[in-house]
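Step one of this worksheet: look at the structure below.
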Amino acid sequence: MTCFIYVFAFFLSAFLMEAQGTYGPYARNHNQLYAGRQRSPHISPNIPGHGNSINIGAHGFNPRFYSYHHPNPHQHHPQRPPWKGPPFIYHRPVPIQPVRPISPVQPARPIVPSLPRIPVVLPAPTVPMPVKPIPTLPPPPPPSTQATTTTTTTATTATTSTTTTTTTSTTTSQRVSTPRATTAPAKPPTVPAPAEPCKSRPLDLVFIIDSSRSVRPAEFEKVKIFLSEMVNSLDIGSDATRVALVNYASTVNIEFHLKKYFSKAEVKQAFSRIDPLSTGTMTGMAIKTAMEQVFTENAGARPLKKGIGKVAIIVTDGRPQDKVEEVSAAARASGIEIYAVGVDRAEMRSLKQMASQPLDDHVFYVETYGVIEKLTSKFRETLCGFDACAHGHNCEHICVSNNASYFCKCREGYVINSDKKTCSKQTNEEARADLTENACMCEAQIAFQRKVHNSIQTLSSRLDDISNRVQQFDLRRA
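Going left to right, the sequence shown walks through residues -21 to -1, 1 to 457 as mature numbering (1 follows the signal peptide of the UniProt record, and there is no 0) numbers them.
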């Protein structure tokens, strides 16, 4: 109840204060207020400071300042305070007529003063004086011409007098005997003969290149340079060396076959278009693909009966992710000679499993791809044939090159002497002995027997070497 009384008293006091401000002694006289405003426009009596603005939105609805209980008859706008004066009317400005653009004033061209004309005085024509030619002596004729001329002169003089003829003949003999006209011609300068290009034996050569993600782009470019240098050192052609390329990573891609290109320029251009593949190092699958799809007659490989060597060069920088020993053994058994080149992280054990025998000649290792080009000279010595006969020999009849050496042969009807250089005519007894020794005259069989004999000698020498090493090892252990 007490709270209710307090609330009622509060509202009652507020109401009385409002009524007192409107009707009581504090009520505003708008007419009087407006008249005071007119007298001193710069003074606003009884108006708070925040009401001296013309912001209608802030004060237009304040009944305390605008006295909505008693509307002002002098108010010009229902929502405008009377002391602000009449509203200001803004007139639309007169449109400005477009001004014609003034053309830029071009500067006057400078007047170049004309130079005075200087009269040109030509020299008077002069008559050229005749020039007498200086007599020149003709060059001395060669000895043959001198002799002919002298003979003709002698014959002409003979018709006039016999004494003159005799004298002239004597003079002729003296002039011919003089060594003045016989000058030796100068020898041409000797030019050194150009170096002979490498003449490799015909091959079916296949490059098997590892292009996995471990090979960086710059390193792969080094591999391309190595391949191009290898091609430069070989004789490329349909009847010479044929080249193919197998690119592998987790998959195997045959870039081109042996029957595709037969010139160095085409092969090197094909090398430049190779792109590296994805991750993985499936070396065994790459060797199997080369053996079954590249070293075939349909792909351009020549038949075995022609005796063309089949060579595969493998370049890798990682450990194979598949088995390579069995596949490499099958490839070697089919007649493919395998060279293994390891770079950086390559596993030496896998390289030896892939390569052919002897391993010292077929396994190579380099630390980085930056030095792989140095292997070009190694392969050049291995793959290029050396014509020993072209560098000089002492054979009397025929010289036959055999890799880095040579041997002599004789023509038909002759036999080689004990010095293995000279030949002598074959007698009937020697011919009968040859027939008895080789009654069938099978040259192919004889060549095969010699080849087998040489192979047996090579194997026996290697076995002796191995046995000596084993003995030395046993002695060291003891």
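Yeah, the Cβ is synthetic: ideal placement off N, Cα and C, and Gly gets one too.
Alpha-carbon spacing of residue i relative to residue j, whole angstroms
i: Leu283; j: Val379; result: 24 Å
i: Val322; j: Tyr344; result: 6 Å
i: residue 501; j: Cys374; result: In the structure as shown, the chain begins at -21 and stops at 457. Residue 501 is therefore absent and cannot be evaluated.
i: Gly288; j: Phe358; result: 15 Å
i: Lys247; j: Cys402; result: 48 Å
i: Thr361; j: Glu391; result: 34 Å
i: Lys203; j: Val449; result: 43 Å
i: Ile315; j: Gly259; result: 25 Å
i: Asp339; j: Met327; result: 12 Å
i: Phe199; j: Ser397; result: 57 Å
i: Ser307; j: Ala334; result: 8 Å
i: His432; j: Arg311; result: 22 Å
i: Leu442; j: Tyr318; result: 23 Å
i: Ile253; j: Pro196; result: 11 Å
i: Cys368; j: Lys285; result: 24 Å
i: Ser446; j: Ser191; result: 42 Å
i: Ala294; j: Leu256; result: Checking the sequence shown, residue 294 turns out to be Val, not Ala. Those two C-alpha atoms are separated by around 15 Å.
i: Glu305; j: Pro337; result: 18 Å
i: Leu454; j: Ser440; result: 21 Å
i: Pro72; j: Pro80; result: 23 Å
i: Met261; j: Leu182; result: 26 Å
i: Gln436; j: Glu245; result: 43 Å
Residue i, DSSP secondary structure in three states
i: Ser123; result: With a pLDDT of 45 at Ser123, under the threshold of 50, the modelled position of this residue cannot be trusted; read the value that follows with caution. In this structure, Ser123 counts as helix in the three-state DSSP scheme.
i: Pro24; result: Residue confidence is low: Pro24 scores 48 on pLDDT, short of 50, so the model does not pin down where it sits. Its coordinate-derived value is still stated next. If DSSP states are grouped into helix, strand and coil, Pro24 belongs with coil.
i: Ser148; result: For Ser148, the predicted structure reports a pLDDT of 38, less than 50, and the residue's modelled location is therefore unreliable. A value from the coordinates is still provided. If DSSP states are grouped into helix, strand and coil, Ser148 belongs with the helices.
i: Leu362; result: helix
i: Ala197; result: helix
i: Thr220; result: strand
i: Asn226; result: strand
i: Ser440; result: helix
i: Ile75; result: coil
i: Phe(-11); result: helix
i: Asn232; result: strand
i: Lys404; result: strand
i: Cys(-19); result: helix
i: Thr368; result: Rather than Thr, the amino acid found at residue 368 in this sequence is Cys. Reduced to three states, the DSSP call for Cys368 is helix.
i: Leu213; result: coil
i: Asp189; result: strand
i: Leu(-6); result: helix
Contact set for residue i: own chain, Cβ-Cβ below 6 Å, skip 5 residues either direction
i: Ile233; result: Val225
i: Lys239; result: none
i: Ala265; result: Ile187, Val225, Tyr227 and Val231
i: Gly216; result: Phe241
i: Ala(-8); result: none
With 16 other Cβ atoms within 10 Å as the buried cut-off, status of residue i
i: residue 458; result: Absent from the model: residue 458. The displayed extent of the chain is -21 to 457, so no value can be given.
i: His236; result: buried
i: Tyr(-16); result: exposed
i: Lys267; result: buried
i: Thr220; result: buried
i: Gln332; result: buried
i: Asp189; result: buried
i: Thr406; result: exposed
i: His341; result: buried
i: Ile292; result: buried
i: Ala269; result: buried
i: Ala280; result: buried
i: Leu(-6); result: exposed
i: Asp444; result: exposed
i: Val185; result: buried
i: Phe(-11); result: exposed
i: Phe452; result: exposed
i: Phe274; result: buried
i: Val320; result: buried
Sequence-distant residues of its chain with Cβ nearer than 7 Å to residue i (five each side left out)
i: Ser329; result: Arg298, Pro299 and Val303
i: Lys400; result: Asn373, Cys374, Glu375 and Cys387
i: Lys404; result: Gly392 and Tyr393
i: Phe251; result: A small correction: the amino acid at residue 251 is Ser; Phe does not occupy that position in the sequence shown. Once the five neighbours on either side are set aside, the close Cβ partners of Ser251 are Lys203.
i: Ser313; result: Met270
i: Lys243; result: Val210, Asn211 and Ile215
i: Gly263; result: Pro299, Asp301, Lys302, Val303 and Val306
Close Cβ partners of residue i (< 8 Å) along its chain, the five nearest in sequence each way excluded
i: Thr355; result: Phe205, Glu208, Met209 and Ser212
i: Ala249; result: Leu224, Glu234, Phe235, Lys239 and Tyr240
i: Glu276; result: Pro282
i: Arg324; result: Ser193, Asp296, Gly297 and Arg298
i: Phe(-14); result: none
i: Ala278; result: Ala223, His236, Leu237, Lys238 and Gln272
i: Lys201; result: Tyr348, Gly349, Ile351 and Glu352
Residue ranges of each alpha helix (DSSP H) run of no fewer than 4 residues wholly in the stretch 243 to 294, ordered along the chain?
243 to 251 and 262 to 268
Taking only runs that begin and end inside the stretch 293 to 345, name each unbroken alpha helix (DSSP H) of 4 or more residues, in chain order.
304 to 312, 327 to 333 and 338 to 341
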